[in-house]
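**Q**
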């Protein structure tokens with residue numbers, strides 16, 4: 577059984593007076609070593625709040641969070657040195673040069689990989705002599721990624737890390753994530769709205785909805801399970817589909833499109849018999865699945 581390096585149990589987080597604005601309402605999650613986990617959710621679903629609670633950067637209203645077996649709120653210096661984190665908003669000393677900033681952060685880590693950092697800096701065309709205060713938003717994000725990835729952490733947590741990167745830089749970043757995750761000892765949590773990026777690198781997907789975990793499982797299992805069924809019959813089809821796992825049902829007379837979680841060959845056979853219909857099974861992208869899961 578894979579080692580669990582980050583675990584959340586019954587995590588609640590509310591904001592406002594007397595907790596008037598609940599964001600997380602009972603999150604249970606266990607993340608194993610060696611996985612690349614994609615965290616998805618609508619804006620305001622609580623992705624950033626979840627990550628901050630998990631890392632001990634924000635107090636939970638209730639529940640527990642552990643990393644490497646330690647309480648997240650009281651992590652030891654040794655545990656913190658095994659974590660890399662890129663938040664949505666980055667702040668650096670604007671008067672320092674890029675090379676000085678990297679040298680400064682690198683001095684804190686005995687395992688700092690200067691070769692990797694220099695390789696990525698050149699690949700991302702980040703000028704070593706540029707003052708940080710003169711960098712664009714995308715360049716600052718590249719610098720943040722270098723700082724977080726330079727010590728090759730066992731747990732790398734990225735909150736919308738590629739939002740300001742151009743397509744070429746994003747591709748290089750994803751390649752670097754794959755390289756880091758190739759070592760089975762390392763784990764990556766990637767929160768992003770760019771589902772195409774997750775399809776390239778993620779092994780697992782967690783979808784947040786209504787303050788809790790709506791889906792938690794392997795990417796391949798999700799895409800294998802959630803499919804679109806095109807049903808065509810010579811008779812009128814019912815106005816609603818009484819089938820477990822239905823995410824969406826659109827009907828036009830004797831033609832229907834059903835988006836369903838839990839599609840199996842036996843279910844397809846049953847639909848064909850029940851409705852005297854032809855059923856075509858269509859694959860969906862991760863973006864399609866995410867949209868269907870949030871209908872209604």
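Numbering (this note's numbering), first residue to last: 577 to 872. Heads up, the beta-carbon is just placed ideally off N, CA and C, and yes, glycines get one too.
#1: Tell whether a beta-carbon distance below 8 Å holds between residue 771 and residue 863.
#2: Going by C-alpha to C-alpha distance, which of 817, 774 and 809 sits closest to residue 798?
#3: Pick out whichever of 746, 802 and 736 has its Cα sitting closest to the Cα of residue 839.
#4: Please classify residue 624: does DSSP put it in a helix, a strand, or coil?
#5: Suppose the cutoff is 6 Å on Cβ atoms and the five residues either side in sequence are ignored; what does the same chain contact list for residue 777 look like?
#6: Near residue 677, which residues of its chain fall below 8 Å by C-beta distance, leaving aside the five closest residues on each side in sequence?
#7: With three or more beta-carbon pairs closer than 8 Å as the criterion, would you say the stretch 784 to 795 touches the stretch 601 to 616?
#8: Going by DSSP, name the residue or residues bridged to residue 591.
#9: Pairs of beta-carbons, one from the stretch 826 to 846 and one from the stretch 803 to 810, closer than 8 Å: are there three or more?
#10: So what does DSSP say about residue 788, is it helix, strand or coil?
#11: At which residue ranges does the stretch 739 to 824 contain complete beta strand (DSSP E) runs of 3 or more residues, listed in the order of the chain?
#12: Please report the straight-line C-alpha distance between residue 620 and residue 811, rounded to a whole angstrom.
#13: Could you round the C-beta distance between residue 761 and residue 730 to whole angstroms and report it? I think they count as a contact, below 8 Å.
#14: So which of 780, 765, 671 and 784 has the shortest CA-CA distance to residue 587?
#15: Along the alpha helix (DSSP H) that carries residue 850, what are the first and last residues, could you check?
#16: Span of the alpha helix (DSSP H) holding residue 680?
#17: Please give the ranges of any alpha helix (DSSP H) in the stretch 633 to 715, keeping only runs that are unbroken, at least 4 residues long and fully inside the region.
**A** Let me lay it out:
#1: Cβ distance < 8 Å, so residue 771 and residue 863 count as in contact.
#2: Out of 817, 774 and 809, 774 has the C-alpha closest to the C-alpha of residue 798.
#3: Looking at the Cα atoms, 802 is the closest of the given residues.
#4: Reduced to three states, the DSSP call for residue 624 is helix.
#5: Cβ within range, chain order: 612, 750, 753 and 754.
#6: These residues qualify, in order along the chain: 668, 669, 708, 719 and 723.
#7: By the Cβ criterion, the stretch 784 to 795 is in contact with the stretch 601 to 616, since at least three pairs of Cβ atoms, one from each stretch, lie closer than 8 Å.
#8: Answer is 597.
#9: Verdict: yes, contact present.
#10: The answer is strand: DSSP assigns residue 788 an E or B state.
#11: As for any beta strand (DSSP E) of minimum length 3 sitting wholly inside the stretch 739 to 824, the runs are 763 to 767, 780 to 785, 788 to 794 and 802 to 809, ordered along the chain.
#12: Straight-line Cα distance between these residues: approximately 44 Å.
#13: The pair is a contact, with the Cβ atoms about 6 Å apart (cut-off 8 Å).
#14: Ranking the options by Cα distance to residue 587, first place goes to 784.
#15: First-last of the alpha helix (DSSP H) with residue 850: 841 to 851.
#16: Where residue 680 is concerned, the enclosing alpha helix (DSSP H) stretches over 674 to 682.
#17: Runs found: 653 to 656, 674 to 682 and 690 to 699.
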